[in-house]
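Accompanying notes for the structure given below.
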Amino acid sequence: MLEEIRTSQMERIQIRGPWIKSYDHAVPPVIKELVEKWYARASSWRATWNEQSSYQVIGPSGQYVVNMRDFTCSCRLWQLTGILCTHAIATINKNDDDVTRFVSRYYLKSTMIMLYENVLYPINGVDNWPKSTSDGALELAPPQTVTAC
């Protein structure tokens, strides 16, 4: 199973590495689609600023607090996924800012380029592994434990 996972990751790096370098948006397509969907819904929400870093956002399904300094929303979607919720997007729209600036850095193109620059080296099959010279099973010593004082 582990060999299958390693091989599939080698193939993924081979395919996605060049693709992400040529992609022309700040976030991958899946995240871009989600943000665009919630961006369309954000027009029905109204954000009111508290003159510091928080906003009260009121809309069709309730009222939420968005904190732009801490990158949080009381709906918790932004904190859980790193992807903006409709309430945060409504707040960003009020400020005429770029929505992709507030998506988690883990979803950015630059992070994905670093991810796919890694190399997995091929290995021989089990038939070509060096043979053990010991005639019995290898005995391992138990791990050392730390005693509390």
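Heads up: the sequence shown begins at 2 in this note's numbering, then just goes up one per residue. Backbone N, C-alpha and C define an ideal beta-carbon position, used for all residues, glycine too.
Through-space distance from residue j to residue i, alpha-carbon basis
i, j, result
"L109", "A27", "6 Å"
"V66", "L139", "60 Å"
"A91", "V147", "53 Å"
"K132", "M115", "37 Å"
"W79", "R17", "26 Å"
"D71", "L3", "39 Å"
"T112", "W39", "23 Å"
"L141", "I6", "27 Å"
"P166", "E118", "For residue 166 there is no data in the structure shown, the boundaries of the chain being 2 and 150."
N-terminal and C-terminal residue of the alpha helix (DSSP H) that residue i is part of
i, result
"N94", "87-95"
"A41", "30-42"
"T112", "110-117"
"T82", "78-82"
Whether residue i touches residue j by CB criterion (7 Å)
i, j, result
"R47", "I59", "yes"
Span of the beta strand (DSSP E), counted from its first residue to its last, around residue i
i, result
"R70", "Counting along the chain, R70 falls outside any beta strand (DSSP E), and DSSP gives it neither H nor E."
"G55", "Just to set this straight, residue 55 is Ser in the shown sequence, not Gly. That run of the beta strand (DSSP E) goes 55-60."
"W50", "47-50"
Member of the options whose CA lies at the smallest distance from the CA of residue i
i, options, result
"E37", "D99, L81, W20, I6", "D99"
"W50", "I6, E5, P143, I93", "I93"
"S55", "P61, C74, S62", "C74"
Legend entry - Segment contact flag, the stretch 4-21 with the stretch 90-108, C-beta cutoff 8 Å, min 3 pairs: Between the stretch 4-21 and the stretch 90-108 there are fewer than three C-beta pairs closer than 8 Å, too few to call the two in contact.
Inset, instruction - Pair every Cβ in the stretch 82-98 with every Cβ in the stretch 31-50, then say whether three or more of these pairs are closer than 8 Å. - result: Taking one beta carbon from each stretch, the stretch 82-98 and the stretch 31-50 have 3 or more pairs nearer than 8 Å; the two touch.
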